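In what follows, a single structure is set out as structure tokens and then discussed.
Protein chains: 2
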Amino acid sequence: MAKTKKQPRPKAETPKGFRDYFGAEVTQRSAMLQAIAAVYHRYGFDALESSAVETVQALGKFLPDVDRPNEGVFAWQEFDERDRGDWLALRYDLTAPLARVYAQHRNDLPMPYRRYAMGPVWRNEKPGPGRFRQFYQCDADTVGTASMAADAEICAMLSDTLEAVGIARGDYVIRINNRKVLNGVMEVAGVLDPSEPENFAQERGIVLRAIDKLDRLGPGGVRALLGDGRKDESGDFTAGAGLGDAQAEIVMGFMQARRDTGAETVARLRELVQGSAMGEDGVAELQEIADLLAAQGYGPDRIIIDPSVVRGLGYYTGPVYEAELTFEILDEKGRKRQFGSVAGGGRYDDLVKRFTGQAVPATGVSIGVDRLLAALREKGRITSVAQGPVVVTVMDRDRMADYQAMVAELRNAGIRAEVYLGNPKNFGNQLKYADRRNSPVAIIEGGDEKDRGVVQIKDLILGAQIAENATLEEWKERPSQFEVPRDQMLAKVREILALHGTGAN
Amino acid sequence: MAKTKKQPRPKAETPKGFRDYFGAEVTQRSAMLQAIAAVYHRYGFDALESSAVETVQALGKFLPDVDRPNEGVFAWQEFDERDRGDWLALRYDLTAPLARVYAQHRNDLPMPYRRYAMGPVWRNEKPGPGRFRQFYQCDADTVGTASMAADAEICAMLSDTLEAVGIARGDYVIRINNRKVLNGVMEVAGVLDPSEPENFAQERGIVLRAIDKLDRLGPGGVRALLGDGRKDESGDFTAGAGLGDAQAEIVMGFMQARRDTGAETVARLRELVQGSAMGEDGVAELQEIADLLAAQGYGPDRIIIDPSVVRGLGYYTGPVYEAELTFEILDEKGRKRQFGSVAGGGRYDDLVKRFTGQAVPATGVSIGVDRLLAALREKGRITSVAQGPVVVTVMDRDRMADYQAMVAELRNAGIRAEVYLGNPKNFGNQLKYADRRNSPVAIIEGGDEKDRGVVQIKDLILGAQIAENATLEEWKERPSQFEVPRDQMLAKVREILALHGTGAN
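Taken in order, these protein sequences are the chains called A and B. Sequence positions in the first sequence follow our numbering and run 1 to 505. Sequence positions in the second sequence follow our numbering and run 506 to 1010.
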């Protein structure tokens, strides 16, 4: 057998745009997903988990940046026994897979079908600072009803959810708009001709992607994208929608149609769409949602009508909504800015129809869980340092069984605990390890202690506090190490943990 | 702008070998992952979540079936701005990514590093009945210690974990072996020459994959694979290791070296490896793990030494272990068989070295969560039917706000509840919907009830019981529908839920 060539060492690196999450980053995300799922569940939504992999044709092409390589998805071709098979891809959101699931299983699902789903999605985008190519979404959707009550319910639930995970009322706002209103405005302005649906869809796409960038580019940037195009800071040129000045101004007017109250905004929109059946239909839908939410007490302190919200995705057909955090943070350059969007969604009545040919109305929301976590960290609502385990040190390698009996006793009492498993020769290293683990307590049982039937228990939290703040006097008065009989070890550890309020875990 | 060609309808299908999970399937898996993580956490393991995507070179090639297309992984090439970039792939397990993570972040991680991880992994295998290409694993590993105490700890923790998720003691057994013992046996038998490491590794691979199939193929099948090879039922031929009869018999003898007690098995293995330093080392390691576990009370009712366990993966270097469920189930053809393996792992001292050039010993276990769930369902420990929400029916479309106030009241009391959002015209459809949703209670408020200030509350669980079992007399005596004043709705719903023991959710 020929000797195989020696391989060069692989690089220990995540692929570009991916990252690893450690300890509290993982458990906090998991806790947030559970908290969100609990609200969704209470609203009657059922769990669904589809696989990460879908056929490219099932996913369809709805991403905002369709000009990117592979159209924004990670895709590959199946290898079949004798030929190449289907193109497969990682899901880019949880909505496209839902449409496929509903079309596939519709005879077995309740109608309407309320479902929630959570998990990573993947985007084959140019990675940037804070922009990752895998991130978590947590979605809720109602499939099979055209009722605006479904959209209103999703908006109310989104509000409840944000508060359930720790975003205070006043720190967020949910903005609602309707794609039909935008279409109506464009129709009235003669920007687009709905009797040519193909062109209509494509140009409308350029217009709404332009509006969707209002936050980032400001009115001037959007105006440029509605017209001839825009050169960004790096010199890259993005082609515009090619609207004439008059037409572009009408779209700008729509985008800035928000008034002081919902009723005034609706009235202004009604003026703008006059003569377009589709536009009037959209305004009526907005009105209906606003009425339903008002009747349930979701007022403008939580949910408002705002025509500048359009959402970038191509598949929305009616109401669209977005949750934005309104508090300010400092960006990388130290400038104050609003935190921005953490969730969004809308009605997409044609996604299931792609598969079945039959119209199946649907609406739903997606929460960007990683952004929401980042927001809570910014606000200091959660910290990234997790409590470490009690560490039982190893003084005598041959008595490993004794040390393991100690941790077993602690664990059986619900206390997180571990034996030091590194090289026990250097005791200092063991305490450094406990420190690095953020351990509250270390336990020491050398030969002498063993003979006398006692153990040493070090309160590491108190020890650190004393080392940092105490005078010599205080140091002497407040010992952080205690000798107790072996059979009182558990009680003493419990006492120390209770003292620091760190609980059983 | 050119008209785009009309696309044919996409098929509403998961890709081959993938599936969707609904409702309780999802929440039960999530609950199991949390239960496992709680045990891992209590043992001092920290959470880690790496991304699903790794570079192909970081993952390496360690899957058992290396002759499959794409070598068992889903892989694709990155598209770089002007050229093709790195090959990326979906992770096929959680161990290879851990080695990469440890090599990349080792200066920031505690030493030793205990971590747990959970999530889906992907295998590009031929799908079969019950075999899926995406499945969940939940792993715990200790990196950076050569101590057998680490291996013993993992085995003890695996035992605790199985019992924590509902596998009773006696329904499982954890088998331990050591790859060094197998190597020693082969060395003594003159099967392989360790001074030619390349050939040694390759042929050893064929031998251990043969032994790993003992469960499936029986001793005769393994014997054939050690020799010339084996034709399977479909006529496909698998090449063998090409051992002579005498040599093959020695390997068979090793595989069947298990005796009544651990001590006797160790003694038998010691005879078999006499003269091989590596083999004797392996036997001493087995002995040490067995002693540590015995001292902690993990006896042969939970953990045994069994030389027939070798594990298929290529990267193990010392102890290997496997958890098997010992109860019988009926297979697709109605034949009784043992449920089989649900978890496995071992020591892999060279995986991190691939990246760093420096030896970093490590050991860990992977639990096959989907198989474990299937086992609990087989045993009837969990059922797949989840409690549905209280359904508030819609008698008068214009009073949607009233109905939403009702569900809000129920939800605020922690009760899962929803308004019917389908077309309300046909009331029978609303009750059919509640039935399909497995709802415990339906609430009805028509115009008449509204005027009288009351609601109708249907106990759907009792209703179903009566419909199924009751005589006409009983039917009359035990009404399942109650009229109560509107302000007593919540109390009555609570009462009914408590009656059926379904709790607040």
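Heads up, the beta-carbon is just placed ideally off N, CA and C, and yes, glycines get one too. Being a predicted model, the structure only gives us computed values, none of them experimental.
Under the 10 Å beta carbon count, Asp656 of chain B is surrounded by 16 or more other beta carbons and is classified as buried. Scanning B:Pro929, B:Asp992 and B:Gln970 for the CA closest to the CA of Val960 of chain B turns up B:Asp992.
Assignment of Lys336 of chain A by DSSP, reduced to helix, strand and coil, places it in the strand class.
Distance from the CA of Gly849 of chain B to the CA of Leu59 of chain A, rounded to the nearest whole angstrom, comes to 36 angstroms. Think of a sphere of 9 angstroms around the beta carbon of Ser846 of chain B: no beta carbon from chain A falls inside it, the nearest being about 23 angstroms out.
In the DSSP annotation of this structure, the continuous segment of the beta strand (DSSP E) that includes Gln961 of chain B starts and ends at Val959 to Asp964.
Close partners of Ala645 of chain B in chain A (Cβ separation under 8 angstroms) are lacking, with about 12 angstroms as the shortest Cβ gap.
Interface residue (Cβ-Cβ distance to chain B less than 9 angstroms): Thr14 of chain A is classified as such. Taking each of B:Gly885, B:Arg941, B:Ala622 and B:Ala651 in turn and checking the Cα distance to Gln642 of chain B, the smallest one comes out for B:Ala622.
Neighbours of Leu926 of chain B in chain A, taken as residues at a C-beta separation under 9 angstroms, are given in chain order as Pro112, Arg114, Thr142, Gly144, Thr145, Ser147, Ala149, Ala150 and Glu153.
The residues Val924, in chain order, have a CB closer than 7 angstroms to that of Gln909 of chain B in the same chain once the five nearest residues on each side in sequence are set aside. Not a single C-beta of chain B is nearer than 9 angstroms to the C-beta of Thr238 of chain A.
A check of alpha carbon separations from Gln986 of chain B across B:Gly862, B:Pro945 and B:Asp598 identifies B:Pro945 as the nearest.
Rounded to whole angstroms, Glu982 of chain B and Glu973 of chain B show a C-alpha spacing of 15 angstroms.
In the three-state DSSP reduction, Ser480 of chain A falls in the coil class, being neither helix nor strand.
Leu595 of chain B sits close to Val578 of chain B, with the two beta carbons spaced by under 9 angstroms. Per DSSP, reduced to three states, the secondary structure at Ala655 of chain B is helical. For Gln296 of chain A, the chain B residues whose Cβ falls inside 9 angstroms of its Cβ are Ala906, Gln909, Ala910 and Ala913, in order along the chain. Taking each of A:Trp76, A:Ile289 and A:Met157 in turn and checking the Cα distance to Asn178 of chain A, the smallest one comes out for A:Ile289.
Unbroken beta strand (DSSP E) runs of no fewer than 3 residues, entirely contained in the region 202 to 245 of chain A, are found at 229 to 231 and 237 to 239, following chain order.
Under the 9 angstroms criterion on CB atoms, Tyr826 of chain B is classed as non-interfacial with respect to chain A.
For Arg100 of chain A, the chain B residues whose Cβ falls inside 7 angstroms of its Cβ are Ala517, in order along the chain. Inter-residue distance for Pro990 of chain B and His41 of chain A is about 27 angstroms (C-alpha atoms, whole angstroms). Of the other Cβ atoms in all chains shown, fewer than 16 fall within 10 Å of the Cβ of Lys425 of chain A; this residue is therefore exposed. Note on geometry: alpha-carbon atoms of Gly968 of chain B and Arg100 of chain A lie some 35 angstroms from one another. Beta-carbon to beta-carbon, Ala417 of chain A and Pro389 of chain A are separated by about 5 angstroms, close enough to satisfy the 8 angstroms threshold. Boundaries of the beta strand (DSSP E) around Glu829 of chain B: Pro824 to Leu835.
Boundaries of the beta strand (DSSP E) around Asp141 of chain A: Gln134 to Val143. The region 303 to 316 of chain A makes contact with the region 207 to 221 of chain A, as at least three CB pairs between them are under 8 angstroms. Between Thr27 of chain A and Ala491 of chain A, the C-beta gap is not smaller than 9 angstroms, which leaves the two residues out of contact. Contact of Gln642 of chain B with chain A is not assigned, every C-beta pair being separated by 9 angstroms or more. If you draw a straight line from the Cα of Gly17 of chain A to the Cα of Val222 of chain A, it comes to about 28 angstroms.
Beta-bridge partners assigned by DSSP to Val53 of chain A: A:Leu90.
For Phe860 of chain B, the enclosing alpha helix (DSSP H) starts and ends at Lys858 to Thr861. Here the alpha carbons of Arg377 of chain A and Pro479 of chain A stand approximately 35 angstroms from one another. Spatial neighbours of Ala557 of chain B in its own chain (CB-CB distance under 8 angstroms, excluding positions within 5 residues in sequence) are listed in chain order as Leu595, Arg596, Gly624, Pro625 and Trp627.
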